[in-house]
Ligand SMILES: [Mn+2]
């Protein structure tokens with residue numbers, strides 16, 4: 239259901255899950271404020287034990303959030319659950335005429351037009367912020383709402399370390415939040431009990447292959463980040479995973495210290511099909527509902543996934559491989575139209591810039607010599623001007639973007655954020671490039687010649703490819719993209 243559709247109701251109730259955390263409360267507060275401004279009569283409620291966590295109590299007081307604790311509810315015309323799903327295990331079910339859901343956990347209830355669920359986001363606050371922005375909500379006039387949403391994001395993503403989507407980073411950098419209050423809240427998150435909980439978790443580490451696994455009793459999510467940051471320093475742990483019960487599932491916090499494991503990928507692997515996970519190369523997090531792990535304990539489930547993760551990949555290093563590309567079929571690059579923009583058309587020459595894409599942030603600088611390419615799936619990558627001119631022909635047509643997140647370019651000196659599309663033009667690959675390629679028979683991690691920090695992950699069916707003239711310059715092409723961009727000779 240859209241926010242405008244909700245604003246057309248004359249009354250509504252917004253409900254947080256039964257153990258309301260800053261993310262749920264922030265979303266509820268933001269919706270309440272928006273709907274009241276639209277003339278809707280709204281209440282913000284939760285059922286369950288009264289909140290006692292010091293940071294949550296302080297947040298509600300400091301931002302004057304009219305959060306009510308209830309045990310029963312007169313049947314509302316519209317009940318909106320935030321950061322949780324109506325009828326799921328972590329939220330008391332109240333009778334209502336109609337319900338709507340805003341959440342960022344994996345869908346647990348039958349789909350309908352009244353659910354807005356985006357598991358790719360690090361917090362529900364990000365979702366609500368984005369929707370309010372699209373409704374033209376005046377954040378400057380409502381600083382308490384801005385502060386609540388930024389704090390909701392901060393707690394759900396462990397200060398941004400485990401954020402999953404470029405929109406999370408956009409909210410992190412959104413101005414107008416009371417950073418002094420957020421700092422105070424961050425530093426009142428723990429109880430003495432929490433500290434004992436983490437000490438206990440760290441006292442029983444398990445080693446699966448080269449990955450450490452630790453279980454904690456329920457505790458503040460911040461503590462998981464704290465625990466895993468200590469654990470990752472243990473020699474012998476290439477990566478580590480700490481998890482704890484959280485609401486109706488488990489929350490995972492993951493760190494990696496080696497090139498062979500990207501934390502965000504390990505998070506996505508552990509939660510694949512059963513939850514949501516993401517982050518960056520070194521830090522990541524995730525969530526799995528108990529209802530998705532039937533028949534096994536959470537410990538058994540995670541341990542099995544970690545084991546599977548470590549045995550399923552072939553490792554391919556560009557500088558030392560023995561793959562017989564010469565025996566593979568030859569393909570020619572199709573003349574597919576893609577976009578490009580010279581960096582100096584976006585920012586003044588010499589400015590360090592950050593390209594924000596779905597895949598993550600890429601740092602480069604504005605230079606006469608650097609162009610940005612916009613690929614068929616909206617992916618962005620820098621390319622040298624000389625290489626561009628060798629490989630592409632510029633077309634007269636304007637560029638039209640067809641993906642849902644529009645990439646932005648941030649000037650690191652000026653702090654200015656700019657769209658790439660207005661500066662983008664269309665080009666087409668000169669059709670002479672011949673490559674050798676074959677689909678992967680096993681999942682593989684490919685370490686290319688030109689990126690020493692990351693690897694490219696290929697799934698069975700994706701293509702391993704290399705240009706005819708240099709088998710050392712190998713790379714992975716996703717199956718969907720391969721057939722759109724290459725043809726068999
Ligand atoms: Mn949340």
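Numbering (our numbering), first residue to last: 239 to 727. Think of the CB as a built atom: it goes at the ideal place given N, C-alpha and C, for glycine as much as any other residue.
(message) Taking 8 Å as the threshold (C-beta atoms), are residue 340 and residue 303 in contact?
(response) Residue numbering aside, residue 303 sits at position 65 when the chain shown is read from its first letter. Residue numbering aside, residue 340 sits at position 102 when the chain shown is read from its first letter. Contact flag unset, no.
(message) Pairs of beta-carbons, one from the segment 409-420 and one from the segment 441-448, closer than 8 Å: are there three or more?
(response) By the criterion of at least three beta-carbon pairs nearer than 8 Å, the segment 409-420 is not in contact with the segment 441-448.
(request) Spell out a yes or no on whether the segment 669-685 and the segment 701-708 are touching, meaning 3 or more CB-CB pairs, one atom from each, closer than 8 Å. (result) Yes, since at least three Cβ pairs between the segment 669-685 and the segment 701-708 fall closer than 8 Å, the two stretches touch.
(request) Leaving out five residues on either side along the sequence, give the residues of the same chain with a beta carbon under 7 Å from the beta carbon of residue 659. (result) Position 421 of the chain shown, counted from the first residue, corresponds to residue 659. Once the five neighbours on either side are set aside, the close Cβ partners of residue 659 are 637, 639 and 644.
(request) Just list the beta strand (DSSP E) runs in the segment 271-316, keeping only unbroken ones of 3 residues or longer that don't cross its boundaries, in chain order. (result) Note on the segment 271-316: whole beta strand (DSSP E) runs with a minimum of 3 residues are 279-284 and 305-307, in chain order.
(message) Are the CB atoms of residue 663 and residue 646 within a distance shorter than 8 Å?
(response) The residue you call residue 646 lines up with position 408 of the chain shown. The residue you call residue 663 lines up with position 425 of the chain shown. In this structure, residue 663 does not lie closer than 8 Å to residue 646 by Cβ.
(request) Keeping to the same chain, check which residues put their C-beta closer than 7 Å to that of residue 325; ignore five residues upstream and five downstream. (result) Within the chain shown, the letter at position 87 stands for residue 325. Short of 7 Å from the beta carbon of residue 325, and not among the five residues preceding or following it, lie these beta carbons of its own chain, in chain order: 331 and 347.
(message) Using a Cβ-Cβ cutoff of less than 7 Å, which residues in the same chain neighbour residue 457 once the five nearest sequence positions on both sides are dropped?
(response) In the chain shown, the residue the question calls residue 457 occupies position 219. Cβ within range, chain order: 432, 435, 436 and 482.
(message) So for residue 516, helix, strand or coil by DSSP?
(response) Sequence index remark: in the chain shown, residue 516 carries index 278 (1-based). Looking at residue 516 - three-state DSSP - the assignment turns out to be strand.
(message) Excluding the 5 residues flanking residue 396 on each side, which residues of the same chain have their C-beta closer than 6 Å to its C-beta?
(response) For the purposes of this step, residue 396 is identified with residue 158 of the chain shown, where counting begins at 1. The beta carbon of residue 396 is closer than 6 Å to those of 463 in its chain, skipping five residues each way along the sequence.
(message) For a quick check, are the C-beta atoms of residue 342 and residue 370 less than 8 Å apart?
(response) By 1-based counting over the chain shown, the position of residue 342 is 104. By 1-based counting over the chain shown, the position of residue 370 is 132. In this structure, residue 370 does not lie closer than 8 Å to residue 342 by Cβ.
(message) Nearer than 7 Å: is that true of the beta carbon of residue 406 relative to any heavy atom of ligand 1?
(response) Indexing the chain shown from 1 puts residue 406 at position 168. Outside the cutoff, so no.
(request) Kindly indicate which residue of 510, 301 and 661 has the alpha-carbon position closest to the one of residue 380. (result) Looking up residue 380 in the chain shown gives position 142. Nearest C-alpha to residue 380: 301.
(message) Tell me which residue opens and which closes the beta strand (DSSP E) that residue 577 is part of.
(response) Numbered from its first residue, the chain shown carries residue 577 at position 339. Note, residue 577: beta strand (DSSP E), 575-580.
(request) Just list the alpha helix (DSSP H) runs in the segment 463-550, keeping only unbroken ones of 4 residues or longer that don't cross its boundaries, in chain order. (result) Segments of the alpha helix (DSSP H) lying fully in the segment 463-550: 501-509 and 536-549.
(message) Within 10 Å of its beta-carbon, does residue 328 have 16 or more other beta-carbons around it, so buried, or fewer, so exposed?
(response) Here residue 328 refers to the residue found at position 90 when the chain shown is read from its first residue. Result: buried.
(request) For residue 625, count neighbouring C-beta atoms within 10 Å of its own C-beta (all shown protein chains included) and say buried if the count is 16 or more, exposed if not. (result) Taking the chain shown and counting its residues from 1, the one referred to as residue 625 is at position 387. Exposed, since its Cβ has fewer than 16 Cβ neighbours within 10 Å.
(message) Beta-carbon within less than 7 Å of residue 526's beta-carbon, same chain only, minus the 5 sequence neighbours each way: which residues are those?
(response) Numbered from its first residue, the chain shown carries residue 526 at position 288. In its chain, beyond the 5 residues on either side, 487, 488, 509, 512 and 513 have a beta carbon closer than 7 Å to the beta carbon of residue 526.
(request) Label residue 297 either buried or exposed according to how many other C-beta atoms from any shown protein chain fall within 10 Å of its C-beta, with 16 as the threshold for buried. (result) Along the chain shown, one-based indexing puts residue 297 at 59. By the 10 Å Cβ count, residue 297 comes out buried.
(message) Check for me: the beta strand (DSSP E) holding residue 655 runs from which residue to which?
(response) Within the chain shown, the letter at position 417 stands for residue 655. Bounds of the beta strand (DSSP E) holding residue 655 are 655-657.
(message) Given a cut-off of 8 Å on the beta-carbon distance, is the pair residue 275 and residue 319 in contact?
(response) In the chain shown, residue 275 corresponds to position 37, counting from 1. In the chain shown, residue 319 corresponds to position 81, counting from 1. For residue 275 and residue 319, no; Cβs fall outside 8 Å.
(message) Between residue 361 and ligand 1, is there a pair consisting of the residue's CB and a ligand heavy atom that are separated by less than 7 Å?
(response) Translated into positions along the chain shown, residue 361 becomes position 123. At least one heavy atom of ligand 1 sits closer than 7 Å to the Cβ of residue 361.
(message) Only counting the same chain, and skipping five residues up and downstream in sequence, which positions put a Cβ closer than 6 Å to that of residue 373?
(response) To locate residue 373, count along the chain shown from 1; it is residue 135. So the qualifying residues of the chain are 241.
(request) Give the secondary structure of residue 337 by DSSP, where H, G and I count as helix, E and B as strand, and everything else as coil. (result) By one-based count along the chain shown, residue 337 stands at place 99. Shown here, residue 337 sits in a strand according to DSSP, grouped into three states.
(request) Answer yes or no: do residue 554 and residue 561 have a C-beta to C-beta separation smaller than 8 Å? (result) Taking the chain shown and counting its residues from 1, one reaches residue 554 at position 316. Taking the chain shown and counting its residues from 1, one reaches residue 561 at position 323. Result yes, Cβ atoms of residue 554 and residue 561 sit closer than 8 Å.
(message) Assuming residue 431 is part of the beta strand (DSSP E), what are its boundary residues?
(response) Counted from its first residue, the chain shown places residue 431 at position 193. No beta strand (DSSP E) holds residue 431; the alpha helix (DSSP H) holding it covers 430-440.
(request) Look at residue 552 and residue 682 and say whether their C-beta atoms are less than 8 Å apart. (result) Locating residue 552 in the chain shown gives position 314, where the first residue counts as 1. Locating residue 682 in the chain shown gives position 444, where the first residue counts as 1. Pairing residue 552 with residue 682 gives a Cβ-Cβ distance under 8 Å.
(request) Using DSSP bridges, identify the partner residues of residue 694. (result) Working through the chain shown from its first residue, we reach residue 694 at position 456. Per DSSP, the beta-bridge partners of residue 694 are 684.
(request) Measure from the alpha carbon of residue 680 to the alpha carbon of each residue in 605, 577 and 547, then state which is nearest. (result) Taking the first residue of the chain shown as position 1, residue 680 is located at position 442. When each option's Cα is compared against that of residue 680, the closest is 547.
(message) ligand 1 and residue 484: does any heavy atom of the ligand fall closer than 7 Å to the residue's C-beta?
(response) The count along the chain shown starts at 1 and reaches residue 484 at position 246. Look at residue 484: its beta carbon is at least 7 Å from all of the heavy atoms in ligand 1.
(request) Assign residue 589 to one of three DSSP states: helix, strand, or coil. (result) Numbered from 1 along the chain shown, position 351 holds the residue referred to as residue 589. In the structure shown, residue 589 sits in coil (DSSP, three-state: anything other than H, G, I, E or B).
(request) Report, in whole angstroms, the separation of the C-beta atoms of residue 518 and residue 506, which I expect to be a contact under 8 Å. (result) Working through the chain shown from its first residue, we reach residue 518 at position 280. Working through the chain shown from its first residue, we reach residue 506 at position 268. About 12 Å separates the two Cβ atoms, so there is no contact after all.
(request) Could you name the residues that DSSP lists as bridge partners for residue 726? (result) Here residue 726 is taken as the residue at index 488 of the chain shown, counted from 1. In the DSSP output, where bridge partners are listed per residue, residue 726 has 569.
(message) Considering only DSSP beta bridges, list what residue 553 is partnered with.
(response) In the chain shown, counting from the first residue as 1, residue 553 sits at position 315. DSSP, once it has assigned bridges, lists 683 as partnering residue 553.
(request) Counting only runs of 4+ residues fully inside the segment 380-404, write out the alpha helix (DSSP H) ranges in chain order. (result) List check, alpha helix (DSSP H) in window: 381-394.
(request) Leaving out five residues on either side along the sequence, give the residues of the same chain with a beta carbon under 6 Å from the beta carbon of residue 337. (result) Start at 1 with the first residue of the chain shown, and residue 337 comes out as number 99. Correct list, in chain order: 317 and 324.
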